[in-house]
Amino acid sequence: METLKKMFKNNIRQYGMIIALVVIMIFFQIITGGLLLEPINITNLILQNSYILVLAIGMVLVIITGHIDLSVGSVAAFVGAVAAIMMVDMQLHPVIAVIVSLIVGGLIGAWQGFWVAYVRIPAFIVTLAGMLLFRGLTMIVLEGQSIAPFPGGFQKLSSGFIPDFGNTGTNLIAILAGIIFTVIFLINELRERKAHKKYNFDVLPSGLFLLKLVLIAAVINAFTFMLASYAGLPNILILLLVLIIIYSFVMNKTVMGRHIYALGGNEKAAALSGVKTKKVTFWVFVNMGVMAAISGLIFAARLNAATPRAGTNFELDAIAASFIGGASATGGIGTVFGAIIGGLVMGVLNNGMSLVGLGIDWQQGIKGLVLLAAVAFDIYNKKKSSAA
Numbered sequence: 430m431e432t433l434k435k436m437f438k439n440n441i442r443q444y445g446m447i448i449a450l451v452v453i454m455i456f457f458q459i460i461t462g463g464l465l466l467e468p469i470n471i472t473n474l475i476l477q478n479s480y481i482l483v484l485a486i487g488m489v490l491v492i493i494t495g496h497i498d499l500s501v502g503s504v505a506a507f508v509g510a511v512a513a514i515m516m517v518d519m520q521l522h523p524v525i526a527v528i529v530s531l532i533v534g535g536l537i538g539a540w541q542g543f544w545v546a547y548v549r550i551p552a553f554i555v556t557l558a559g560m561l562l563f564r565g566l567t568m569i570v571l572e573g574q575s576i577a578p579f580p581g582g583f584q585k586l587s588s589g590f591i592p593d594f595g596n597t598g599t600n601l602i603a604i605l606a607g608i609i610f611t612v613i614f615l616i617n618e619l620r621e622r623k624a625h626k627k628y629n630f631d632v633l634p635s636g637l638f639l640l641k642l643v644l645i646a647a648v649i650n651a652f653t654f655m656l657a658s659y660a661g662l663p664n665i666l667i668l669l670l671v672l673i674i675i676y677s678f679v680m681n682k683t684v685m686g687r688h689i690y691a692l693g694g695n696e697k698a699a700a701l702s703g704v705k706t707k708k709v710t711f712w713v714f715v716n717m718g719v720m721a722a723i724s725g726l727i728f729a730a731r732l733n734a735a736t737p738r739a740g741t742n743f744e745l746d747a748i749a750a751s752f753i754g755g756a757s758a759t760g761g762i763g764t765v766f767g768a769i770i771g772g773l774v775m776g777v778l779n780n781g782m783s784l785v786g787l788g789i790d791w792q793q794g795i796k797g798l799v800l801l802a803a804v805a806f807d808i809y810n811k812k813k814s815s816a817a
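430 is the number of the first residue of the sequence shown in my numbering; add one for each residue after it.
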């Protein structure tokens, strides 16, 4: 029990947000009469929040370094507009247009990263200027009008599903994916537990560890069964999983990830330790530009149009997801998984409040209170830890 308390205390933000997500889902499942967890609504939750979750992955890296990026919504809109001109007006192949769009996003990130990392202008100012600049450029490029429709192949990026090989009424690919993912999860957990024991790290008691494996395996397979009951695995879910795996690996297992955490924890100490702080900051913003481009492409594909108002408030949702998921406002703390959990909390709140008929005014107010509570919780825990 002492080990369990210690592990929960050390990971209180992450565990707390998971518990909060479960409680929120149960609450809305009850008051909506079971609508929240209907297969079609689960699929819609993924499709509706995919572009915010992509932004949250990039944003949490920026926040860990101690910076902020207010321009991502405008960058997403601008990249969507550029993609529309290439695909609709210039009739370029979608693959070429996507590659060019990602390069544009990277160049925008490099532009902003240069001012932050090398000129030392605060990221708040640089990205606020970027928010205004790229929103204006979006309106100029689109001439104040929407461009549509996109080619069918490009639309499938956001609204397509992995084809099934059967005709049983239940998507077999989704069921199989759930089983495969469960096996990978179990192998990884057993391997990590063995490694922790080898180096005398704290581990959960056998009974609780087994319960954890059973519960998570049940959640994975219940989730994929719900998807299988509707239309199967959305293409965007596969993209999200790939991004989550790659960025979790980078942040937890690579030198670059350690340098990002070190930079956010104490920039001067990181520099004295040999971390090239300017270079790390620069590449974090380049990465954010690419993630904003991906988000813009996903949103444009879902809307099937590039519009001057696309990306509005995306930056606020991405920042909120990162903070709610455990990132610290002072930098040095945060995880990719936590940002995804934070994004899901926001997504479920939006979806649940819409299902019960709450107006946009109430929705905005409630989301604001949730964000404030999350940051207050972070500050409280820091004070408590320093006092101990």
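All residues carry an ideal CB built from backbone N, CA and C; glycine is no exception.
Note that the coordinates shown come from a computational prediction; the quantities given were computed from them, not determined experimentally.
So, helix, strand or coil for residue i, using DSSP?
i	result
Ala606	helix
Ala546	helix
Ile497	coil
Phe457	helix
Phe590	strand
Ala735	strand
Ser757	coil
Gly462	coil
Val632	coil
Ile762	coil
Asn600	coil
Met519	coil
Leu800	helix
Leu474	helix
Glu467	coil
Leu692	helix
Gly740	coil
Gly788	coil
Terminal residues of the continuous alpha helix (DSSP H) containing residue i?
i	result
Ile675	Asn664 to Lys682
Val504	Val501 to Ala513
Tyr659	Ser635 to Tyr659
Arg731	Thr706 to Leu732
Asn779	Val765 to Leu784
Met560	Ala552 to Leu571
Phe579	Note, Phe579: premise wrong, no alpha helix (DSSP H); not H, not E.
Asp746	Phe743 to Ile753
Glu696	Glu696 to Leu701
With a threshold of 16 other CB atoms inside 10 Å of the CB of residue i, please say whether the residue is buried or exposed.
i	result
His496	buried
Thr599	exposed
Asn478	buried
Ile615	The residue asked about is misnamed: residue 615 is Leu in this sequence, not Ile. Leu615 is exposed by the Cβ-count criterion.
Pro634	exposed
Pro737	buried
Pro523	buried
Tyr676	buried
Asp631	exposed
Arg564	buried
Ser724	buried
Lys641	exposed
Asp746	buried
Leu561	exposed
Glu696	buried
Gly534	buried
Ser702	exposed
Since residue i and residue j are thought to touch, with beta carbons under 8 Å apart, how far apart are those beta carbons, to the nearest angstrom?
i	j	result
Gly772	Ala802	Gly772 to Ala802, Cβ: 17 Å. No contact.
Ile576	Ile514	7 Å
Asp518	Met717	Wrong, their Cβ atoms sit about 28 Å apart, outside the cutoff.
Val774	Met446	7 Å
Ala755	Ile762	For clarity, residue 755 is Gly in the given sequence; the question names Ala instead. Sure, about 7 Å apart at Cβ, within 8 Å.
Ser658	Pro468	4 Å
Ile673	Met680	Ile673 to Met680, Cβ: 11 Å. No contact.
Ile769	Leu800	At roughly 16 Å, the Cβ-Cβ gap does not stay under 8 Å, so Ile769 and Leu800 are not in contact.
Ile591	Ile602	5 Å
Leu464	Leu784	5 Å
Any heavy atom of the ligand GTP closer than 7 Å to the CB of residue i?
i	result
Met717	Within the structure as shown, the ligand GTP is missing, as the structure has no ligands at all.
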